[in-house]
Structure formats: C-alpha cells, structure tokens
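Trainee: In the working numbering, the protein residues as written are 1 to 196.
One structure coming up, written as structure tokens, with questions to follow.
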Ligand code: GRF
C-alpha cells in the first residue's frame with residue numbers, strides 16, 4: 001500500500017522538499033498535499049514546481065481563534081485523505097481539535113535533541129549551554145508541545161565558536177536526511193527509533 005502523505009509548512013519548506021524528493025520509486029509513500037498557514041510561504045512554489053497539490057489556510061482571518069482555524073485545517077486535510085501528516089517547519093501551536101482528529105498519524109521535526117530545548121531558538125540555547133552535541137528529532141505529535149514519542153534523532157558535534165546560524169544550517173542538513181528515513185519506517189508500520 002502506498003501511503004498518502006500531507007505536509008504542513010509555514011515557510012521555506014526545505015524539509016518538505018527533502019520529503020517530496022525522497023517519495024519516489026519504491027518508497028512506500030507519495031505526497032498528496034502541501035498546506036501552509038501562510039500564503040507567502042516560499043515552500044508553496046517549490047511544491048507546485050514538484051507537481052504536488054498545494055493549499056493555504058491563512059491563520060490570520062481566524063484572529064487567534066485556534067479551534068476555528070483548525071476546523072478549517074482539518075476540512076482541507078480530510079479532502080486529501082492523508083494516511084500520514086508531516087509537520088515540517090509548521091509554526092502553529094495546535095489544540096485537540098487537530099491533534100485528536102489525527103492522533104497517531106502526525107510527525108514533526110524539531111531542531112534539537114529532545115527532550116532538550118522544546119520550543120524556539122534551540123540552536124542559540126544549545127550554544128549558550130555549552131553543549132558539545134546538538135541535532136534534530138522526529139517525534140509523533142501529541143497534545144504536549146514537542147513531547148511526543150521520539151522516532152528518530154540525528155546528532156552532530158558543535159564546532160567551538162560557531163554561531164547559531166551556522167549551527168542551524170548544519171542541523172538542517174541532518175534534518176533533511178533524518179525525516180525521510182523516519183517517514184519510510186513509519187509508513188511501513190515500524191516504530192523502531194532511528195539514530196543517525
Ligand atoms: C527548521 O529549523 C526546522 O527544524 C523547523 O523549522 C525550520 C525551517 O524548516 N521545524 P523548513 O526549512 O521550512 O523545512
């Protein structure tokens with residue numbers, strides 16, 4: 001069975017690009033939708049160039065009514081009939097309206113070695129803490145922010161003196177390797193953790 005994968009983005013979508021590029025040939029999944037909460041997300045043009053259907057559910061008209069935004073988000077997702085939803089640079093805090101509707105089907109990539117540094121500014125926090133190792137994690141999405149079961153991690157050695165943008169660039173390259181590897185196992189029903 002070829003799994004149907006929807007990808008949620010908010011910006012450039014480099015992780016979305018890596019996932020779409022991986023879903024070819026004998027890979028047991030195909031992208032069926034790239035959806036952004038921001039109409040100006042650079043990733044939308046990249047998805048269209050790759051021939052993947054796109055959609056926008058702009059969160060601004062909902063003016064902080066998270067539940068109403070997620071009712072519309074769910075409606076657009078249901079139309080695509082996804083088996084798996086990959087959040088990839090999707091910068092929204094989510095409520096049970098979405099999380100409960102898709103429970104067990106949603107993955108997210110986070111730029112830290114969870115449980116370290118949930119939330120934002122992870123690279124600067126790792127540098128400020130003097131961490132020798134840093135990296136990224138793919139986890140299942142649950143009600144608690146960045147706290148679902150970890151399905152994979154990729155780690156690197158922090159270069160002494162490097163700044164947050166340089167570290168972020170190196171972690172992003174790891175993300176692009178980790179996310180497709182975890183997605184493949186996930187769609188095959190294998191929850192064994194991957195460590196790169
Ligand atoms: C990346 O740092 C990723 O870890 C986080 O959002 C950032 C942008 O990702 N989830 P992308 O280039 O939009 O995939």
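No residue lacks a Cβ here, since even glycine has one placed at the ideal position from N, Cα and C.
On the criterion of 16 or more Cβ atoms from any shown chain inside 10 Å, does residue 91 qualify as buried, or is it exposed?
Mentor: Within the chain shown, the letter at position 91 stands for residue 91. Its Cβ having fewer than 16 others within 10 Å, residue 91 is exposed.
Trainee: Should residue 9 be counted as a contact of ligand 1 given a C-beta to heavy atom distance under 7 Å?
Mentor: As a first step, residue 9 is located in the chain shown; it is residue number 9 there, counting from the start. Correct: residue 9 has its Cβ closer than 7 Å to ligand 1.
Trainee: For residue 219 and residue 11, what's the separation of their Cα atoms in angstroms?
Mentor: Because residue 219 is not part of the residues shown, which for the chain are 1 to 196, the question remains open.
Trainee: Mind checking whether residue 129 and residue 152 have CB atoms under 8 Å apart?
Mentor: For the purposes of this step, residue 129 is taken as residue 129 along the chain shown, with counting starting at 1. For the purposes of this step, residue 152 is taken as residue 152 along the chain shown, with counting starting at 1. Cβ distance not < 8 Å, so residue 129 and residue 152 don't count as in contact.
Trainee: DSSP three-state label for residue 155, please.
Mentor: The residue labelled residue 155 in the question sits at position 155 within the chain shown. Three-state DSSP puts residue 155 in a strand.
Trainee: Are three or more beta carbon pairs between the region 70–78 and the region 50–60 nearer than 8 Å?
Mentor: Verdict: yes, contact present.
Trainee: What are the start and end residues of each continuous beta strand (DSSP E) run of 3 or more residues lying completely inside the region 97–166, in chain order?
Mentor: 106–110, 133–140 and 150–157, all fully within the region 97–166.
Trainee: So what's residue 171 in DSSP terms, helix, strand or just coil?
Mentor: Looking up residue 171 in the chain shown gives position 171. Here residue 171 sits in helix by DSSP.
Trainee: Kindly provide the ranges of any beta strand (DSSP E) runs that are 3 or more residues long and lie completely inside the region 35–67, ordered along the chain.
Mentor: As far as the region 35–67 is concerned, its whole beta strand (DSSP E) runs of at least 3 residues are 54–56.
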